[in-house]
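Note that the protein sequences, when read in sequence, are chains A and B.
Going by this note's numbering, the residue at position 172 of the first sequence is 458; the numbering climbs one at a time, nothing skipped.
Going by this note's numbering, the residue at position 231 of the second sequence is 540; the numbering climbs one at a time, nothing skipped.
We treat Cβ as the ideally placed atom computed from N, Cα and C, and that holds for glycine.
Predicted model, so just to flag it, every value in this text is computed and none were measured.
Reading through the structure tokens given below for one structure.
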Amino acid sequence: MLHANDNWHVSGLVVLISFIIVLNVIIAQQGKVPTIRRIPGLNAIDEAIGRATEMGRPALMIPGITGLDVGTLAGLSILGHIARSIARFGNKVILLSADPIVTGVAEETVRDAYADAGRQDLYTDDDVRYLTSEQFAFAAGAAGIINREKPGAAFLFGNFFAESLIFAETGQQIGAIQIAGTPQTEQIPFFLAACDYVIIGEEYYAASAYITRNPTYLGSIVGQDISKLILITMVLIGVVVASIDQYAGAHGLHHLSINLHKYYLDLLKT
Amino acid sequence: MKKFFQPINVHEHPGAFFAHIALGLAVMFGVLAVLHVAPKQYRKSIIAVFTFLGGLYYVAEFFLPAKGGSNRLTQYNDLVANIFTVVGAYAIGLGVISLLQMHIRKVVRTSPGWGNSAALVISFFAMTTFGLLNAYAPKKVLLHGSGMHVTNSDVFNFLFAGGIGNFGSAIFSMIAFFIASAAYRAFRIRSLESSLLMTAALIIMLGSVGFGTVLTNWLPLGDNPKTEFWANFRIENIAQWLLLQVNTPAQRGILFGITLGELAMALRLWLSLERGSYFDKEV
């Protein structure tokens, strides 16, 4: 088991970053709300929903295939806002879930979204479907539903693994506009190849802030950006120090070889 | 206390096993009743307290100084993980009920695609039945005579390894075709970005196969200091350079952002900083 005293530098860094994020959330909640840059993939959400509605086809949503972890919660948060827009357009949602707990949360999220838009009449129990927790059985079920129901838009936000391309390619084949985002970096190339818009990296966690303009989320984004600046500075210092060390070693200047690079690598290891 | 939460073997202590299940159900319904009865303004606070305590355990366990990989709290890790597993197990029942309700309704109404639903319902009950029989009476003979000797375990293995396993492999193998069609679209040269992508992909692919390395094997290997510069242009070395010096830093850059995002989201949830939990809705 890893503990704080295994590497106090990293633990201290985690505490510092946590403090910065919480501080910025509190500042934003008190009224100092920042603005954030455009994210094209998220601007396209309404366009995708509009097109699906015009075509008379439902919109498909998949919040990944894992249980209720941080990545899935972020995905469900985005899908909740999308469901609200879909309900406003008077269109139908099909949400496919691979986890029973996620199904319960998703049902409530979609039902609330329809209620917020004043279209409770459109919500049915079949809108949120738990298929199975088996990875490829879920992929087969989802691909079958995509082929049969032919959604006009597909929103894939959550933790995806080897099955990601099955969803994205099936959606592409039936001509759905597809917007995807995942914290699993290995799956991003597959989504880039098969989807119309992809949300990459931290944009995934910034999406809720961008869509809702909620001060808490926006404050959190500022905290993340400040923390990222700290990390980038540390990486740059590490590069300079390692370069000096390498140069000194190669030219016999051992008095310059201060081993700082080792300290920095230890710091960034975890 | 710690022993009380340890898993119990149903064969060795059936009474204790079912007593624990009954107690677990009683606690769950008790908590739900408290949440239901509690005035609306307190519900969020109750949930926030439970969320905070759950997170606090892991934070304290991580930050308390440890010797030899464990501290005072480490011994309770399995216990806390078991509690979360039990809470999650209740939700599986809800998922199964929702799944069966939907598909049985489809079969009864003979809605479009009812055959698929019938297959699901039959498969569900078959797997449940033989799964249980395999756990509690694996050797019991089901069919005997005419050279046949079929036990519960045989039927379960036929359904699991012969059915689910093969279907899963079949779906997995389909990814190869999807990769081919997605790669075709991604590598079509339409812009500077896709041209770069195509070139990089081509170099990586050639660098990974024998045919590719043959193309540049006339260049020096790099074992002679006088000619080692030219070894950089061997296709396998260019491929390695692309993977390690271009791809890996980009991936790590993305990971930095994702990790910070996860930390921020976890903090917001743990400290209930989100105004109106459950994604902006008042609980």
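No Cβ of chain B is located within less than 7 Å of the beta carbon of Y483 (chain A).
Straight-line spacing of the CA atoms in N318 (chain B) and P469 (chain A) works out to 39 Å.
Within chain A, N291 have C-beta atoms less than 7 Å from the C-beta of P374 (chain B), given in sequence order. F542 (chain B) is classed as exposed because its beta carbon has fewer than 16 other beta carbons within 10 Å across all chains shown. Shortest Cα-Cα distance from L346 (chain A) to any of A:F305, A:G538, A:A466 involves A:A466. Comparing alpha carbon positions, the residue from B:A335, B:K312, B:P316, B:S354 closest to L582 (chain B) is B:S354. The beta carbons of L504 (chain A) and P320 (chain A) sit closer together than 7 Å. Residues of chain A with a Cβ closer than 9 Å to the Cβ of T383 (chain B) are, in chain order, M287, H289. Taking a C-beta distance under 7 Å as the contact criterion, P374 (chain B) and N293 (chain A) do not qualify as a contact pair. F371 (chain B) belongs to the set of residues whose beta carbon lies under 7 Å from a beta carbon in chain A. Residue state for A439 (chain A) is assigned as strand, using DSSP reduced to three classes.
When the alpha-carbon of G376 (chain A) is set against those of A:G444, A:M341, A:I431, the nearest one is in A:M341. For M411 (chain B), the three-state secondary structure derived from DSSP is helix. Counting only Cβ-Cβ distances below 8 Å, M514 (chain B) has no contacts in chain A at all, with the closest Cβ about 14 Å away. One Cα belongs to V389 (chain B), the other to V396 (chain A), and the distance between them is close to 31 Å. At a beta-carbon threshold of 8 Å, the residues of chain B lying near D412 (chain A) are M411, ordered along the chain. Residues of chain A whose Cβ lies closer than 8 Å to the Cβ of Q560 (chain B) are, in chain order, T471. By the rule that beta-carbons nearer than 7 Å mark a contact, I547 (chain B) does not touch chain A. The beta carbon of W423 (chain B) is closer than 6 Å to those of K415, V416 in its chain, skipping five residues each way along the sequence. Rounded to the nearest angstrom, the gap between the Cα atoms of S462 (chain B) and T438 (chain B) is 11 Å.
Beta-bridge analysis with DSSP links T460 (chain B) to B:V450. F476 (chain A) counts as buried, since no fewer than 16 other beta carbons sit within 10 angstroms of its beta carbon. Per the C-alpha coordinates, the member of A:V379, A:T410, A:V296, A:V508 positioned closest to F441 (chain A) is A:V379. Per DSSP, the beta-bridge partners of I348 (chain A) are A:L442. Against chain B, the CB of I431 (chain A) has no partner CB under 7 Å away; the residue lies outside that interface. Close CB contacts of D402 (chain A) within its chain, under the 6 Å cut and outside five residues either way in sequence, are with R370 (chain order).
Assignment of Q464 (chain A) by DSSP, reduced to helix, strand and coil, places it in the strand class.
The CB of L359 (chain A) comes closer than 8 Å to the CB of M574, L578 in chain B, given here in chain order.
Burial check for R343 (chain A): the Cβ neighbour count within 10 Å reaches 16 or more, so the residue is buried.
Residues of the same chain with a CB within less than 6 Å of the CB of L354 (chain A), apart from the 5 flanking positions on each side, are I387, V388 in chain order. Relative to Y367 (chain B), the option among B:R577, B:L382, B:T536, B:A331 whose CA is nearest is B:L382.
Rounded to the nearest whole angstrom, the CA to CA distance from T339 (chain A) to A439 (chain A) is 9 Å. Bridge partners of R561 (chain B) according to DSSP: none are assigned. Taking 7 Å as the CB threshold, I480 (chain B) lines the interface with chain A.
Ranked by how close their Cα comes to the Cα of L408 (chain A), the residues A:R337, A:I368, A:A426, A:I372 have A:I372 in first place.
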